[in-house]
Amino acid sequence: MEPWLHAAAHDAALMSDFETVCSFGGRMSGSGQDDAAMEWAMGRARQAASTAQLLTVPYDGWRCELASLDLLGAAPQPLACRPLLRSASTPAGGLELEVVDAGAGSPDDFARLGAAARGRAVLVRHEYPFTGDHVHRRRKYDMAVEAGAAAFLIANNVPGQGVLSGSSGRPRGGAGIPAMYIDHEGGAALAAACAAGAARVRIVARGSEIDDARASVGIAEIAGGRDGVIVISAHMDGHDLGTSALDNGTGVAAALAAFRALSARVGPDTPSLRLCFFCAEEWALTGSARYLADLAPAERARIKLDINLDTVAGDAALTALISDFPALAPMVQAAAEASGVPVATWLPLMPNSDHANFARHGIPALRLLAGFGKPESRVNNILSAGDVPGIIEEAELRQAVAVTCAMADAALRMSDAQLESLASR
Ligand SMILES: [Zn+2]
1 MEPWLHAAAH DAALMSDFET VCSFGGRMSG SGQDDAAMEW AMGRARQAAS
51 TAQLLTVPYD GWRCELASLD LLGAAPQPLA CRPLLRSAST PAGGLELEVV
101 DAGAGSPDDF ARLGAAARGR AVLVRHEYPF TGDHVHRRRK YDMAVEAGAA
151 AFLIANNVPG QGVLSGSSGR PRGGAGIPAM YIDHEGGAAL AAACAAGAAR
201 VRIVARGSEI DDARASVGIA EIAGGRDGVI VISAHMDGHD LGTSALDNGT
251 GVAAALAAFR ALSARVGPDT PSLRLCFFCA EEWALTGSAR YLADLAPAER
301 ARIKLDINLD TVAGDAALTA LISDFPALAP MVQAAAEASG VPVATWLPLM
351 PNSDHANFAR HGIPALRLLA GFGKPESRVN NILSAGDVPG IIEEAELRQA
401 VAVTCAMADA ALRMSDAQLE SLASR
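The sequence shown begins at 1 in full-length UniProt numbering and counts up one residue at a time.
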């Protein structure tokens with residue numbers, strides 16, 4: 001390994017930065033913790049940057065006011081629940097509904113259910129989000145809405161892990177149905193009641209819109225002498241059950257370390273290097289979507305590559321999700337060899353982090369991710385109260401920094417023609 005890359009992987013501030021990001025709390029957008037963490041991170045980035053700006057973009061803010069779920073019977077049995085972000089509200093007294101078990105909630109499950117979903121609460125299961133055939137929560141929710149369901153209940157697939165937190169993706173003013181995470185045990189109780197003949201629940205959910213909500217976007221740049229920009233991005237916001245250590249304290253800390261190490265690699269013969277921190281990623285990727293949409297087309301066209309760091313530790317196995325840009329695969333492999341860190345690639349676009357918004361604008365984009373295809377890894381603490389710093393191993397975070405530096409450095413050293421060819425499909 002080249003000495004600068006070795007030094008990058010041994011960055012002295014990496015672990016303290018990681019601990020500091022997590023110390024702000026779960027950093028849920030709207031809590032203020034995300035903005036405080038952003039301000040701190042931009043202070044760190046400014047030490048290496050030629051320019052830095054802290055922007056805000058609008059997003060559909062929302063907060064939960066009240067939620068409960070009871071399995072009705074001789075005596076109502078309260079079940080642990082947590083509304084999805086931007087869940088529709090029930091009428092004030094709640095809704096009393098029959099439950100129908102839709103299994104995993106795959107397209108086949110909904111096809112099998114047919115009209116039986118109509119007017120009922122549909123029960124589906126959460127899945128480990130990082131596999132090739134995973135069906136995203138928001139897709140399951142959308143299928144339930146299309147099937148005419150009156151409510152959506154999604155049970156954690158991991159026993160003993162409690163409820164999870166996630167977004168429904170319902171836009172402001174959009175139609176929708178009350179939607180909640182429940183824990184594994186609650187899901188089992190509902191499934192047993194369904195199997196025994198009938199399960200009825202009372203659901204209460206009340207949320208309120210936060211008007212004029214804004215999400216922070218932090219941009220720091222090291223100016224190169226050539227036109228063109230290589231982006232390293234990571235989302236700052238998270239969920240508030242744990243401290244969003246995996247998702248995405250790891251990405252933020254690794255991005256800061258890589259930015260520091262790469263500052264000496266940017267010069268008159270290279271494009272510029274830009275660090276982008278986004279909030280409201282957990283709100284259907286809104287922060288980066290708005291940032292990119294607001295750039296003038298010529299400014300957007302200057303971006304030649306996005307390396308998005310999201311959940312880059314929690315398992316030793318790293319994968320680059322290369323968003324239908326096959327030309328990124330050899331670049332990733334070369335970076336893996338340069339850093340001595342094996343990295344797999346996965347070609348199909350997975351719209352599960354900010355890289356997807358870059359890709360939608362035709363910008364070559366990848367997400368570096370730990371634990372792809374490994375549901376038994378520590379990455380399965382994602383979205384749960386178990387997403388805390390103790391589940392991260394230092395060596396995992398250090399190898400993510402090394403491979404990030406190697407990828408970005410390879411891009412900085414490419415000719416304009418080579419950079420353009422990354423976008424060929
Ligand atoms: Zn994430």
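We put the beta carbon where it would ideally sit given N, CA and C, even for glycine.
Since the model is a prediction, treat every value here as computed from it, not as a measurement.
* **D294 classed as buried or exposed, judged by whether at least 16 other C-beta atoms fall within 10 angstroms** => The residue you call residue 294 lines up with position 294 of the sequence shown. With fewer than 16 Cβ atoms within 10 Å of its Cβ, D294 is classed as exposed.
* C-alpha gap between residue 504 and V201, whole angstroms -> Nothing can be reported for residue 504: it is not among the residues displayed for the chain, which extend from 1 to 425.
* Closer than 7 Å: N248 CB and nearest ligand 1 heavy atom -> Position 248 of the sequence shown, counted from the first residue, corresponds to residue 248. Answer for N248: yes, Cβ within range of ligand 1.
* Asked: Does the Cβ of D310 lie closer than 7 Å to at least one heavy atom of ligand 1?
  -> Here residue 310 refers to the residue found at position 310 when the sequence shown is read from its first residue. Indeed, a heavy atom of ligand 1 lies less than 7 Å from the Cβ.
* Asked: Buried or exposed: where does P364 fall if 16 or more other Cβ atoms within 10 Å of its Cβ makes it buried?
  -> Residue mapping note: residue 364 aligns to position 364 of the sequence shown, counting from 1. Per the 10 Å Cβ criterion, buried.
* To do: Enumerate in chain order the residues of its own chain whose CB-to-CB distance from G362 is below 7 Å, with the five nearest sequence positions on each side excluded.
  => The residue given as residue 362 occupies position 362 in the sequence shown. Within the same chain, G362 has close Cβ partners A423.
* To do: Tell me residue 456's beta-bridge partners as DSSP assigns them.
  => Past the boundaries of the shown model lies residue 456; the chain is included only from 1 to 425, so the question cannot be answered.
* Which stretch, first to last residue, makes up the beta strand (DSSP E) that contains H235? -> For the purposes of this step, residue 235 is identified with residue 235 of the sequence shown, where counting begins at 1. Note, H235: beta strand (DSSP E), 229 to 235.
* E127 beta carbon near ligand 1 (any heavy atom closer than 7 Å) -> Taking the sequence shown and counting its residues from 1, the one referred to as residue 127 is at position 127. For ligand 1, not one heavy atom lies less than 7 Å from the Cβ of E127.
* To do: Answer yes or no: do S216 and L85 have a C-beta to C-beta separation smaller than 8 Å?
  => Sequence index remark: in the sequence shown, residue 216 carries index 216 (1-based). Sequence index remark: in the sequence shown, residue 85 carries index 85 (1-based). Cβ atoms of S216 and L85: not closer than 8 Å.
* Hey, would you say the C-beta of H6 is under 7 Å away from at least one heavy atom of ligand 1? -> Locating residue 6 in the sequence shown gives position 6, counting from the first residue. Answer for H6: no, Cβ out of range of ligand 1.
* Got a sec: does ligand 1 put a non-hydrogen atom nearer than 7 Å to the Cβ of S233? -> To locate residue 233, count along the sequence shown from 1; it is residue 233. Not so, every heavy atom of ligand 1 lies at least 7 Å from the Cβ.
* Per DSSP, what kind of secondary structure is V312 in: helix, strand or coil? -> Stepping through the sequence shown from its first residue, residue 312 is reached at position 312. In this structure, V312 counts as coil in the three-state DSSP scheme.
* Asked: Based on Cα-Cα distance, which residue from L97, D60, A49 lies nearest to L72?
  -> Start at 1 with the first residue of the sequence shown, and residue 72 comes out as number 72. Closest option to L72, Cα to Cα, is L97.
* Asked: From G197, P58, G43, pick the residue whose C-alpha is nearest to that of C279; which is it?
  -> Sequence index remark: in the sequence shown, residue 279 carries index 279 (1-based). For C279, the nearest C-alpha among the options comes from P58.
* Beta-carbon separation (whole angstroms), G174 vs R63, contact threshold 8 Å -> Numbered from its first residue, the sequence shown carries residue 174 at position 174. Numbered from its first residue, the sequence shown carries residue 63 at position 63. Going by Cβ atoms, the distance from G174 to R63 rounds to 17 Å, so no, they are not a contact pair.
* To do: Could you have a look at R46 and say whether DSSP puts it in helix, strand or coil?
  => As a position in the sequence shown, residue 46 is number 46, starting the count at 1. Look at R46 here: in three-state DSSP terms it is helix.
* Asked: Rounded to whole angstroms, how far is the Cβ of V266 from the Cβ of I222, which I believe are closer than 8 Å?
  -> Within the sequence shown, the letter at position 266 stands for residue 266. Within the sequence shown, the letter at position 222 stands for residue 222. Right, their Cβ atoms sit about 5 Å apart.
* Strand pairing of Y181, partner residues [DSSP] -> By 1-based counting over the sequence shown, the position of residue 181 is 181. DSSP output for Y181 lists R82, I154 as bridge partner(s).
* Asked: Where A289 and S165 are concerned, what is the direct C-alpha to C-alpha distance, given to the nearest angstrom?
  -> Here the question's residue 289 lines up with position 289 in the sequence shown. Here the question's residue 165 lines up with position 165 in the sequence shown. Approximately 21 Å, taken between the alpha carbons.
* Is it buried or exposed for A395, if we count other Cβ within 10 angstroms and need 16 for buried? -> For this step, residue 395 is matched to residue 395 along the sequence shown. With a 10 Å radius around the Cβ and a threshold of 16 neighbouring Cβ atoms, A395 comes out exposed.
* Measuring CA to CA, which of A245, F372, A52 is closest to G386? -> Here residue 386 corresponds to residue number 386 of the sequence shown, with the count starting at 1. Nearest in C-alpha terms to G386, of all of A245, F372, A52, is A245.
* To do: Keeping to the same chain, check which residues put their C-beta closer than 6 Å to that of G373; ignore five residues upstream and five downstream.
  => Here residue 373 corresponds to residue number 373 of the sequence shown, with the count starting at 1. Cβ within range, chain order: T131.
* Proximity winner among V403, R112, P78, E281, relative to A356 (alpha-carbon distances) -> Mapped onto the sequence shown, residue 356 falls at position 356. A356 has its Cα closest to that of E281, out of V403, R112, P78, E281.
* Per DSSP, which residues does C64 bridge with? Please list them. => As a working note, residue 64 is residue 64 in the sequence shown. Beta-bridge pairing links C64 to G207.
* Between the C-alpha atoms of P389 and S31, what's the straight-line distance to the nearest angstrom? -> Numbered from 1 along the sequence shown, position 389 holds the residue referred to as residue 389. Numbered from 1 along the sequence shown, position 31 holds the residue referred to as residue 31. Cα atoms of P389 and S31: separation of roughly 20 Å, rounded to the nearest angstrom.
* **Nearest residue (CA-CA) to D11, options G225, D324, A261** => If you number the sequence shown from 1, residue 11 lands on position 11. Out of G225, D324, A261, A261 has the C-alpha closest to the C-alpha of D11.
* Hey, is S353 close to ligand 1, as in C-beta under 7 Å from one of its heavy atoms? -> Here the question's residue 353 lines up with position 353 in the sequence shown. Checking every heavy atom of ligand 1 against the Cβ of S353, one is found closer than 7 Å.
* From which residue to which residue does the alpha helix (DSSP H) around G218 run? -> Counting from one through the sequence shown, the residue named residue 218 turns up at place 218. G218: not part of any alpha helix (DSSP H); member of the beta strand (DSSP E) spanning 214 to 222, first to last residue.
* Report yes if the C-beta of E281 is less than 7 Å from at least one heavy atom of ligand 1; otherwise report no. => Taking the sequence shown and counting its residues from 1, the one referred to as residue 281 is at position 281. Under cutoff, so the answer is yes.
* C-beta atoms of V379 and I307 nearer than 8 Å -> As a position in the sequence shown, residue 379 is number 379, starting the count at 1. As a position in the sequence shown, residue 307 is number 307, starting the count at 1. No, Cβ-Cβ distance for V379 and I307 is not below 8 Å.
* Kindly say whether P268, judged by its beta-carbon, lies nearer than 8 Å to any beta-carbon of chain B. => Considering every chain present, this structure includes no chain B. It has just one protein chain.
* Asked: If you run the structure through DSSP and keep just helix, strand and coil, what is D17?
  -> To locate residue 17, count along the sequence shown from 1; it is residue 17. Helix.
* For residue 434, three-class secondary structure by DSSP -> For the chain, the structure presents residues 1 to 425; residue 434 sits outside this window and is missing.
* Beta-carbon separation of E41 and I219 under 8 Å? -> As a working note, residue 41 is residue 41 in the sequence shown. As a working note, residue 219 is residue 219 in the sequence shown. Inspection of the sequence shows that residue 41 is occupied by Ala rather than by Glu. Not a contact, by the Cβ cut-off of 8 Å.
* To do: Give the range of the alpha helix (DSSP H) segment to which S244 is assigned.
  => Along the sequence shown, read from residue 1 onward, the residue named residue 244 stands at position 244. Neither: S244 is in no alpha helix (DSSP H) and is coded neither H nor E.
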